[in-house]
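Asks:
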Amino acid sequence: MKRRHFLQFAGSTLATIGLSQTNFLRQADQYGRVLAQSTPRKLALLVGINQYATPVGSLRGCLTDVELQYQLLVHRFGFNPADIVIVSDNQSDDTLKPSRQNILRAFQEHLIRQARPGDVVVFHYSGHGGKVRDPNPIQIAVCGEGQIPGLNGTLVPNDPMNLNQLGAEIVVPDIMGRTLFLLMNSIQTDNLTTVLDSCYSGAGTRGNITVRAVGSRLTRHGNTLIASPEEADLQERLMAEQGLSLEDFQQRRSQGIARGVALGSASCNQEAVDAVFGTFNAGAFTYLLTRYLWQLPTPQSFTTLQANLRRSTRAEAATWGKPQEPVLEVKPESNYEQQPFYFIPQWQTPAADGVITNISDGQIEFWLGGMATQTLYAENTVFTVLNSSGEVVTDNDGKPIALQQTTTTSSPLVGRGELVSGELSQVQPGMFLQEQIVGLPANPELVVGLDASLGGEIQTAIAILQATLQTRSAEGQEVRRIRAIPVDSQNAVDCILARVNNDLRQRVAPVDQAELPPSGVVALFTPTLTFISRTDGANGEPITAAINRLSPRFKSLLAAKVLRAIAATGSDLKVSGEAFVPARPDAPRIPLMNRETVDSRNALPTSFEPFVGGDVIQLQVKNDEIRALYISCLLINSQGDVIVLHPARWDAPEEAARIDKGETLVIPRAEDNVTVTLRGTGFLEIITLVSTSPLRNALRALQNIARGQGRDRGAVFTGDADPLSLIDNLLGDVDELSRSGDATVDVTSTRAADRAISSRTIATFSTLLEVRS
14 MKRRHFLQFA GSTLATIGLS QTNFLRQADQ YGRVLAQSTP RKLALLVGIN
64 QYATPVGSLR GCLTDVELQY QLLVHRFGFN PADIVIVSDN QSDDTLKPSR
114 QNILRAFQEH LIRQARPGDV VVFHYSGHGG KVRDPNPIQI AVCGEGQIPG
164 LNGTLVPNDP MNLNQLGAEI VVPDIMGRTL FLLMNSIQTD NLTTVLDSCY
214 SGAGTRGNIT VRAVGSRLTR HGNTLIASPE EADLQERLMA EQGLSLEDFQ
264 QRRSQGIARG VALGSASCNQ EAVDAVFGTF NAGAFTYLLT RYLWQLPTPQ
314 SFTTLQANLR RSTRAEAATW GKPQEPVLEV KPESNYEQQP FYFIPQWQTP
364 AADGVITNIS DGQIEFWLGG MATQTLYAEN TVFTVLNSSG EVVTDNDGKP
414 IALQQTTTTS SPLVGRGELV SGELSQVQPG MFLQEQIVGL PANPELVVGL
464 DASLGGEIQT AIAILQATLQ TRSAEGQEVR RIRAIPVDSQ NAVDCILARV
514 NNDLRQRVAP VDQAELPPSG VVALFTPTLT FISRTDGANG EPITAAINRL
564 SPRFKSLLAA KVLRAIAATG SDLKVSGEAF VPARPDAPRI PLMNRETVDS
614 RNALPTSFEP FVGGDVIQLQ VKNDEIRALY ISCLLINSQG DVIVLHPARW
664 DAPEEAARID KGETLVIPRA EDNVTVTLRG TGFLEIITLV STSPLRNALR
714 ALQNIARGQG RDRGAVFTGD ADPLSLIDNL LGDVDELSRS GDATVDVTST
764 RAADRAISSR TIATFSTLLE VRS
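Take the sequence shown: its letters are residues 14 to 786, numbered as in my numbering.
(1) DSSP three-state call for Glu-458: helix, strand or coil?
(2) Give me the Cβ distance between Pro-413 and Thr-388, rounded to the nearest whole Å; I'm assuming they're in contact under 8 Å.
(3) In the DSSP assignment, find the beta strand (DSSP E) that holds Lys-574 and state where it starts and stops.
(4) What is the DSSP secondary structure of Arg-272, reduced to helix, strand or coil?
(5) My output table needs one value for Met-252: the three-state DSSP class, helix, strand or coil.
(6) Out of curiosity, what's the CA-to-CA distance linking Ser-424 and Glu-676?
(7) Under a Cβ-count criterion, where at least 16 other Cβ atoms within 10 Å of its own Cβ denotes burial, should Phe-22 be classed as buried or exposed?
(8) What does the Cβ neighbour count give for Glu-698, buried or exposed, with the cut at 16 atoms within 10 Å?
(9) Can you give me the C-alpha to C-alpha distance between Ala-295 and Lys-674, rounded to a whole angstrom?
(10) Would you call the CB atoms of Val-506 and Ala-776 closer than 8 Å?
(11) Measuring alpha carbon to alpha carbon, tell me which of Val-689, Leu-209 and Val-629 ends up nearest Ala-600.
(12) What's the gap between the Cα of Gly-190 and the Cα of Arg-266?
(13) Who are Asn-393's beta bridge partners in DSSP?
(14) Buried or exposed for Arg-494, going by 16 or more other Cβ atoms inside 10 Å?
(15) Taking Pro-499 as the reference, give the member of Val-492, Leu-478, Gln-490 and Glu-491 with the closest Cα.
(16) For Arg-146, list the residues DSSP reports as bridge partners.
(17) Note down the Cα distance separating Glu-458 from Val-133, rounded to an integer number of angstroms.
(18) With Val-516 as the anchor, note down where its beta strand (DSSP E) starts and where it stops.
(19) Run through DSSP, which three-state label would Thr-292 get?
(20) Unbroken alpha helix (DSSP H) runs of length 4 or more, entirely within the stretch 434–510: which are they?
(21) Excluding the five sequence neighbours on either side, which residues of its own chain have a C-beta within less than 7 Å of the C-beta of Asn-198, listed in chain order?
(22) Note down the Cα distance separating Gln-64 from Ser-347, rounded to an integer number of angstroms.
(23) Between which two residues does the beta strand (DSSP E) carrying Phe-593 extend?
(24) For Lys-55, which beta-bridge partners are listed by DSSP?
(25) Span of the beta strand (DSSP E) holding Gln-633?
(26) Straight-line CA distance for Arg-577 to Pro-68?
(27) By alpha-carbon positions, which one of Gln-201, Phe-92, Ile-99 and Leu-782 ends up nearest to Thr-58?
(28) Could you check if Leu-437 is buried or exposed, using at least 16 other CB atoms within 10 Å of its CB as the buried criterion?
(29) Can you have a look at Ala-558 and say buried or exposed, based on whether 16 or more other CB atoms are within 10 angstroms of its CB?
(30) Give the DSSP bridge partners of Ile-649, in chain order.
(31) Threshold first: 4 residues or longer. Then list the alpha helix (DSSP H) segments lying entirely within the stretch 173–204, N to C.
(32) Since Arg-146 and Leu-259 are thought to touch, with beta carbons under 8 Å apart, how far apart are those beta carbons, to the nearest angstrom?
(33) Roughly how many angstroms separate the alpha carbons of Leu-426 and Gly-382, rounded to a whole number?
(34) Mind checking Ile-509: buried by the 16 CB within 10 Å criterion, or exposed?
(35) Helix, strand or coil: how does DSSP classify Val-406 here?
(36) Taking the straight line between their C-alpha atoms, what separation do you get for Gly-140 and Ile-644?
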């Protein structure tokens, strides 16, 4: 099983170029199909722009996007590095800096002049998007009311803008969507994939993220942004070269894109996020798209892949509180979205968490493009080594070779490690890595960002927060469970503490402002500055009182964070199942996914429609192992509260958790007197833990809670006790089971101070339920 969350974050100017929004399956599916074809040549142009001149704000993650795409194309899809041109602001060659002229020249010289029919071509752009006046606007039906009449979406190069223009029309150096259409049309292959991680809605910062859209570049009210005369000349030249009259061009534009497949990271009125992942920034869309493609093991049916992506993207969107709707379009009348999967030959490389890139002086360096963010920074992770066919590489005795990560580098996606079994001569660059054992912190922390709206209260808040939830280790040492830091765009946070004021209201996205509490109120927000309901207090509440009031919520948020970190790990256990509404056949059926079901070509079709308030849901789980397994099922609601749904028989919890080989279990069981009825709107997450032995300490803690309430059956609300105590017991169980399991890798090599999670003894699923009224 590979359980990987994948954000529904995406954002783009594509809608104004003539693209329409559709589900993200088509986006990743068509991208994978095109890249996987065996063709004479594969060409790529990758553009990343972090540094912009005033008045355009700079970004932080676009160069990472370029590296993410480069590593994916080279190692997963077999691109020759010599056939990839990178235009970015960290290039030493001035001809490869991301100016308007250099971007256009690279597009023409590398893609248009070299590509031949049947070749594969990728154009990726990460940077700001903008909008200028369109001299011949067309209506994009998919945008509806989100379209601003008379404007055309643009890519924003890093050319400095003339700030001394006095007329009503302000000239900018942007590359228009009109031009991109003509450039795409000039490429002599339909195997073209265009990826744009930018947008033209929003701009500015939201919490610790930055929106990839330029703010106002107008110097006076009533001014209009227009493209340069050079842009109009280029469009006329390209139309002449292609034999297109203006009428022909307009008709072609209105029908759709010129060639191939186009992917964008957000719909017309949404924001593309430049986000913080641990200690690095990247476009949320690019990072999660490339990570997903690293994890995709084999060609899948349209419906199966669509179900996987929609479920995963919704899960991440719910966590961030700021969803992006990916957009995609294919060439009109090409039927790419309907093609059977014979379009994809057998992939030449396996699904993986990473790839070995260099070996020097006994140290092995590797790229971790497939790792989940929750486990990317886990210390002492142990990997199994795979060859290009996906077979486990073994030593002379036939035992699997294992690699342990020992250090990170200046690039957070690059790790270094050494072998814990096998000989160095038996591994080589290009071999792949699959996560086997993850070492999570024994004492995980909740990172609370302190918003600037707290003003002079920030230092007080830091001192109080870091003493909140403080415990003592078995050795008597103080253990902090909260780390408080001021909000910036360089450090990831789990939530934000803020006091509502006018400045905060200006930074909150317009769509979220109606939900804000009154000014003077202290409350919690998501990392994207979306208000977390039921966390607001009284007007003028002192910061000390507010933190004390929110202490139970901090505990629940930390418990949920740990559960999601466990759910982000992989597993080899064979388990399948789904969430469903037995009384409503037309309701969605959300599958549990593991390696077996991901590889299956016969997976059942799955609906994407949300659940509705009043639905009574059940979870069906099948044990496909040849031994008994033990199942626990927990629900996390939109406020971060953790509720234990199974087992729900507390006089014999271990027996209730057991599911024999080949058996199917429906949760809740009829005899447990538990009903799960969905209410309100939003997202709920079900965490299902499957283990080869009972999680005894966690079950004992839950049993004590139930006995304290005088009952022997029913769901347990951890709010009735200390959810951190439950999580600590759970981590202890998982660690003990992982270190004593039947894994062929020496799990004791994981640092004793960490909690080991072995893929051979634990499987965890995260199933997201969207509820609408």
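Here a beta-carbon is modelled for each residue, glycine too, at the ideal position from N, C-alpha and C.
Replies: Judging by the given coordinates:
(1) Secondary structure at Glu-458: coil, using DSSP grouped into helix, strand and coil.
(2) Distance from Pro-413 to Thr-388 at the Cβ level is roughly 20 Å; contact not present, criterion being Cβ atoms closer than 8 Å.
(3) For Lys-574, there is no enclosing beta strand (DSSP E); the residue is part of the alpha helix (DSSP H) that begins and ends at 556–580.
(4) Note: Arg-272 maps to coil in three-state DSSP.
(5) Three-state DSSP puts Met-252 in a helix.
(6) Taking the straight line from one Cα to the other gives about 46 Å.
(7) The predicted model places Phe-22 with a pLDDT of 28, which falls under 50 and marks its position as unreliable, so this point remains unresolved.
(8) Classification of Glu-698: buried, given that the 10 Å Cβ count is 16 or more.
(9) When rounded, the distance between both Cα atoms is 43 Å.
(10) Not closer than 8 Å, so no.
(11) Ala-600 has its Cα closest to that of Val-629, out of Val-689, Leu-209 and Val-629.
(12) If you draw a straight line from the Cα of Gly-190 to the Cα of Arg-266, it comes to about 10 Å.
(13) Its beta-bridge partners do not exist; DSSP assigns none.
(14) Note on Arg-494: 16 or more other CB atoms within 10 angstroms of its CB, so buried under the neighbour-count rule.
(15) Per the C-alpha coordinates, the member of Val-492, Leu-478, Gln-490 and Glu-491 positioned closest to Pro-499 is Leu-478.
(16) In the DSSP assignment, Arg-146 is bridged to Leu-164.
(17) A straight-line Cα-Cα distance of about 45 Å links Glu-458 and Val-133.
(18) What sits at residue 516 in the sequence shown is Asp, not Val. Per DSSP, Asp-516 lies in no beta strand (DSSP E); the unbroken alpha helix (DSSP H) holding it starts and ends at 515–520.
(19) Note: Thr-292 maps to coil in three-state DSSP.
(20) Those alpha helix (DSSP H) runs which fall completely within the stretch 434–510 and span 4+ residues are 471–480.
(21) Contacts found: Gln-255, Ala-271 and Arg-272.
(22) A direct Cα-Cα distance of roughly 38 Å separates Gln-64 from Ser-347.
(23) Its beta strand (DSSP E) spans residues 588–593.
(24) In the DSSP output, where bridge partners are listed per residue, Lys-55 has Val-133.
(25) Here the beta strand (DSSP E) through Gln-633 covers 629–636.
(26) In this model, Arg-577 and Pro-68 are separated by some 40 Å (Cα to Cα).
(27) First, the amino acid is wrong: residue 58 is Leu here, not Thr. It is Ile-99.
(28) With fewer than 16 other Cβ atoms within 10 Å, it is exposed.
(29) Residue environment for Ala-558: exposed (fewer than 16 other C-beta atoms within 10 angstroms of its C-beta).
(30) Partner(s): Val-655 and Glu-698.
(31) List check, alpha helix (DSSP H) in window: 190–199.
(32) The Cβ separation is near 16 Å, so there is no contact.
(33) Approximately 7 Å between the Cα atoms of the pair.
(34) Ile-509 comes out buried.
(35) It is coil, neither helix nor strand.
(36) For Gly-140 and Ile-644, the distance between alpha carbons rounds to 45 Å.
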